[in-house]
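To keep things clear, I will list the structure first and then write my remarks on it.
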DNA sequence: TCGAGAATCACCCGAAAGTAGGACGACGAA
DNA sequence: TTCGTCGTCCTACTTTCGGGTGATTCTCGA
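Residue numbers (this note's numbering), protein chains in the order written: chain C, 1 to 154; chain S, 155 to 308.
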């Protein structure tokens, strides 16, 4: 409900912005193509931003990938990896937390993880904190190590 | 690749759409405000769509199907690990630094490493700092990851 | 429609990690 | 001897992490 109001206000701001742009006599100074193009670009960017915030359940697509593990002998590091997702459920690790775990394992800082996942650094901290709890560790290197033991990471 | 083409086509459609709208404008059917508003609305919606699409593509949850695990018997990767010591020489990593690297990979803190190796925490920092230089990384998780790639760690 | 779980974000604080620079002694090669 | 490398240790500083608490929003299912 509050969100709708917020969007309403946002719409107002947009219209105002539009007015301002128009007031600048863009229409008269530049040909219509440029004006329209500018407006389009600005609002496409804005729409993308909105769209990323406006999340829906159906956005999550679960893709099942059959993976085969090479038989004994020359294992292929970097080859197909099968994550033991039952461990996730057993430990109560959420999808988002698992995502953060993988990003941690890539050596990213919390800030970088935030940028990658479109969330605030604080949120990353919250996720990783809970993740550490569930993994029973207290440092990120340990988390990665533990996750590898649990076959959550390659 | 196909995605790029798709986006290219999409861009073309956008331009065409713009042209059409513009045509309407030049016919002076609508005043500039309405024209701009229309463009804005259309492209906001389009942006939202794009944003959600983009986000979805980044939220794909890869769920691997359970697979057979190689015989429990000592598989090569789990067995005795042979570090590629030539990499050490190539990168100019000393024995001591390699030792610190292994301890880092165990998830120990600098203090714990110092206790384990009977050296001061500051010394550990010096070693790890030089180690990071030689590995071309800046964080310990990255160092472990990189070392694994270089087959310096299991 | 209510509540539980999730995801999000904020603020604070202390600890840990990392940066930059310098210093010193041991040892071996030039 | 002189030079370079290694290992050790230091100060001082900035950044990052991790813990704790509290709050809002959203979704889903009962």
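Note that CB positions come from ideal geometry on N, CA and C, so glycine has one too.
Minimum C-alpha distance to residue i - residue among the options
{"i": "residue 127/C", "options": "101/C, 91/C, 86/C and 85/C", "result": "101/C"}
{"i": "residue 91/C", "options": "112/C, 149/C and 131/C", "result": "131/C"}
{"i": "residue 247/S", "options": "261/S, 308/S and 297/S", "result": "297/S"}
C-alpha gap between residue i and residue j, whole angstroms
{"i": "residue 279/S", "j": "residue 306/S", "result": "20 Å"}
{"i": "residue 228/S", "j": "residue 118/C", "result": "Reliability fails at residue 228/S, whose pLDDT of 38 lies under 50, so the model's placement of it is uncertain and the value that follows must be treated cautiously. Residue 228/S and residue 118/C: Cα-Cα distance of roughly 42 Å."}
{"i": "residue 129/C", "j": "residue 136/C", "result": "10 Å"}
{"i": "residue 301/S", "j": "residue 239/S", "result": "11 Å"}
{"i": "residue 138/C", "j": "residue 172/S", "result": "55 Å"}
{"i": "residue 141/C", "j": "residue 95/C", "result": "20 Å"}
{"i": "residue 89/C", "j": "residue 98/C", "result": "11 Å"}
{"i": "residue 299/S", "j": "residue 133/C", "result": "23 Å"}
{"i": "residue 121/C", "j": "residue 109/C", "result": "9 Å"}
{"i": "residue 269/S", "j": "residue 257/S", "result": "11 Å"}
{"i": "residue 150/C", "j": "residue 259/S", "result": "16 Å"}
{"i": "residue 241/S", "j": "residue 308/S", "result": "14 Å"}
{"i": "residue 261/S", "j": "residue 107/C", "result": "14 Å"}
{"i": "residue 267/S", "j": "residue 111/C", "result": "26 Å"}
{"i": "residue 168/S", "j": "residue 123/C", "result": "36 Å"}
Neighbour list for residue i in chain C, Cβ cutoff strictly below 8 Å
{"i": "residue 265/S", "result": "Chain C residues near residue 265/S: none, gap ~12 Å exceeds 8 Å."}
{"i": "residue 291/S", "result": "107"}
Within chain S, partners of residue i - CB distance below 9 Å
{"i": "residue 142/C", "result": "260, 261 and 262"}
{"i": "residue 145/C", "result": "259, 260, 261 and 298"}
N-terminal and C-terminal residue of the alpha helix (DSSP H) that residue i is part of
{"i": "residue 144/C", "result": "140–149"}
{"i": "residue 307/S", "result": "Residue 307/S -> no alpha helix (DSSP H), and no H or E assigned at all."}
Alpha helix (DSSP H) runs wholly inside the stretch 253–287 of chain S, at least 4 long, in chain order: 264–271
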